[in-house]
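Q:
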Amino acid sequence: MPIPWEFITGKLAIDRELVLDKRLSEDQVHKLKIEIDNNHLELSSIDLHQLPKSAYFILETLLISANDEEQLLEISKQLIKSLEIPDHQWNWLEHDFDIVSSNYYKIRILRILVEKLHPKSEELAWKLVIALSYHINPNVPWSNNMNSEILKDVLNQNGIQELIEKNILNFVYEDLKPTLLTFQKNLKKSDFSLANPNVSGSGYAVAKTHNKSLLHGGLRPKLGFSGINESINSEDVRKTFKTSSDIRSLSMVWFTIYVSSSKSHYNEYWPLITSFILNVFDDHEALFKVQGCKLLKFLVEKLHPIPGQTHFLVKTGLQDLFIESVKICLSYLPQLTPVEESIFILSNAYPVIYELVSLNDESKETLREFVDIINGNILTSISHIQDRVDEHMVDLNILLIQQIGVIIEFYLKENILVCLSRVNFILSQTITSPFTIDKTKGTQLIDAAIQIQLKILRAVQSLNDPEAMSLILNYRYDFLAAWTILIKRLEKTSYEFDTSNIKIAFQVLKDICKSINKLEELKDDVHKISTHTPQINEIFSI
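Under my numbering, think of the first position of the sequence shown as 13, with each following residue one higher.
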């Protein structure tokens, strides 16, 4: 007789949101056991393929006290099968809620099974860990942060690290590598890395030769359509890869990075990992490139060099290759890219390029790179989109302005003075434009620009350098003019706007003037402005 799951679980009504990634509480287990006893439920009567999501908490409770090894083995085999990644057309912009939700319950079961089976059956426990590797990447569409946290909990169990250490090389070469082979058909068996025109067989960046003869002597003609054929074949291979179960390699690579960051043998297979990430960046689909951004950022964060040593991405020349790849992502702007996609891509690309650039020691070259990002990418992008009135376009504009703040706060600091003229022009233009405030979220955009001005002033103030302070005061008229125009405009509108950031910024400006005996000059400036705009007196408090 079929088990009336809907009736049973309907009475229990355990809310997943109350459990999240935590284990079932004693009270929840007690209630579940009562229902199990009342309905004479046994582990042997459960078919995982017929089990509704709402009944998985019952299975989890049964497994907590289960000791029958044959039953545990049978459930494990069913679970491993059900956690395989299906052939699917994934949406790279968001998580697939139904699949993620279904996997959530199965992953909870996996956690219990690994505890039960290790060390009784290391072979089966390892197979469960392999199934785990398909889902531990929180950024793939079939998983999320919660599922990933549950799986990290599995990896923290006693003895699992030793199990991984024992099997990781086999995992990389027997389980992971075959899923990567379909990504590039022309992989040479002797190579340590996947085929990529910019990477050698040993994983190092190929030195680029600047052959002037190509400029002066002309290009050599290439007859036929072989290049087009090769491109079409490559895209076919990529399309097949992205819709097949081999796409699980996105998570398997994440798993490899996660468990190997402190392992010496990571040196044996890093070329495989880095060349795969480069191949992800080479994909024509912009949203798929974000998976490359996520993996690369994770790689940089996890693999810290020993103090005093150079990061392996710098030593191998891969740093420049990755910077080049990520910068391509920064070009995905409206109108060619839908604004929602552009926000998604840029919000993931900018953080990773900061990580890459900062791998170098703080040098003039590093500072120049950050200045180039501001001038060549952020400000250029703002200029490209700032006249658009779409609500989401304002979100993109805010995102870009906030990137200036990130660079100032964590990287450039007072060195922002190098490009202050252009930065402050864009900020002042944003604050004073008569069209900005009328946009949906226009006041948020204006406040974001003021916050960047505040960060600039604070960065200079913290330096306590009279020369830098004198330089910033050359821009005081720009600051005062932008704030005054905004204050006057606010009086004529019904928009609510919190002027606290203007007040704070003005106070910092005043403190800077005081530090270099220029306070009287600022007082004169404010007095002249207040003659025509008395409403500023409340905000520009001298």
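Here a beta-carbon is modelled for each residue, glycine too, at the ideal position from N, C-alpha and C.
1. On the DSSP letters alone, give me the boundaries of the alpha helix (DSSP H) that E426 sits inside.
2. For the structure I just gave you, are there three or more beta carbon pairs, one from the region 160-171 and one from the region 122-132, closer than 8 angstroms?
3. With a CB to CB cut of under 8 angstroms and the five nearest residues on each side skipped, what residues in its chain are close to V31?
4. Using CA coordinates, which residue listed in I449, N387, L492, K540 is at the minimum distance from A517?
5. Are the Cβ atoms of R470 and V406 separated by less than 8 angstroms?
6. Can you give me the C-alpha to C-alpha distance between S542 and I548, rounded to a whole angstrom?
7. If I follow the unbroken alpha helix (DSSP H) through Y270, where does it start and stop?
8. Determine the burial state of P98: buried for a count of at least 16 other Cβ atoms within 10 Å of its Cβ, exposed for fewer.
9. Whose C-beta lies closer than 8 angstroms to the C-beta of N387 among residues of the same chain, with five residues either side of it excluded?
10. Verify whether the separation of the beta carbon atoms of K301 and V312 is less than 8 angstroms.
11. Between the region 130-145 and the region 244-253, are three or more C-beta pairs nearer than 8 angstroms?
12. Take Y281 as the anchor and find which of V152, D80, L63, V184 has the nearest alpha-carbon.
13. Pull up the CB-CB distance for H323 and L371, whole angstroms please, since I reckon it's below 8 angstroms.
14. Please state whether DSSP places I48 in a helix, a strand or coil.
15. Please determine, among W154, L333, S512, the residue with the shortest C-alpha to C-alpha distance to E550.
16. Where does R250 land, buried or exposed, given buried means 16+ other C-beta within 10 angstroms?
17. Taking the continuous alpha helix (DSSP H) assigned at A517, which residues delimit it?
18. Output needed for I397: all residues of its chain with C-beta closer than 7 angstroms, excluding positions within five of it in sequence on either side, in chain order.
19. Look at the Cβ atom of I524, then the Cβ atom of L485, and state whether they are nearer than 8 angstroms.
20. Contact between the region 43-53 and the region 68-87 is defined here as three or more beta-carbon pairs at a separation below 8 angstroms; is this criterion met?
21. Assuming contact is defined by CB atoms lying nearer than 8 angstroms, are W266 and L307 in contact in what I supplied?
22. Taking the Cβ atom as the reference point for each residue, do L75 and K118 lie within a distance shorter than 8 angstroms?
23. From D258, L358, T328, pick the residue whose C-alpha is nearest to that of N389; which is it?
24. Does A78 come out as helix, strand or coil in the three-state DSSP assignment?
25. Could you say if the region 77-91 and the region 100-107 meet the contact criterion of at least three C-beta pairs nearer than 8 angstroms?
26. Nearest by alpha-carbon distance to L498: which of T545, Y146, K314 is it?
27. Tell me where the alpha helix (DSSP H) around Y117 begins and ends.
28. Do S261 and L348 have their beta-carbon atoms positioned less than 8 angstroms apart in this structure?
29. Would you kindly work out how many angstroms separate the C-alpha atoms of E508 and K451, rounded to a whole number?
30. So, for I458: in the same chain, excluding its five sequence neighbours on each side, which residues have a beta-carbon less than 8 angstroms away from its beta-carbon?
A: Taking the definition as stated:
1. Element bounds for E426: n/a, residue is neither H nor E.
2. yes
3. Q40, F69
4. L492
5. no
6. 6 angstroms
7. Looking at the DSSP string, the run of the alpha helix (DSSP H) that includes Y270 is 261-272.
8. exposed
9. Same-chain partners within the cutoff: C431, R434.
10. For K301 and V312, no; Cβs fall outside 8 angstroms.
11. no
12. V184
13. 5 angstroms
14. helix
15. Taking only the C-alpha atoms, the option nearest E550 is S512.
16. buried
17. 512-527
18. L345, P346, M405, L408, N409
19. yes
20. yes
21. In this structure, the beta-carbon distance from W266 to L307 falls below 8 angstroms.
22. no
23. L358
24. coil
25. no
26. T545
27. 109-129
28. Taking 8 angstroms as the Cβ cut-off, L348 and S261 do not qualify as a contacting pair.
29. Rounded to whole angstroms, E508 to K451 spans 13 angstroms at the Cα level.
30. T442, I443, T448, I449, L498, F509
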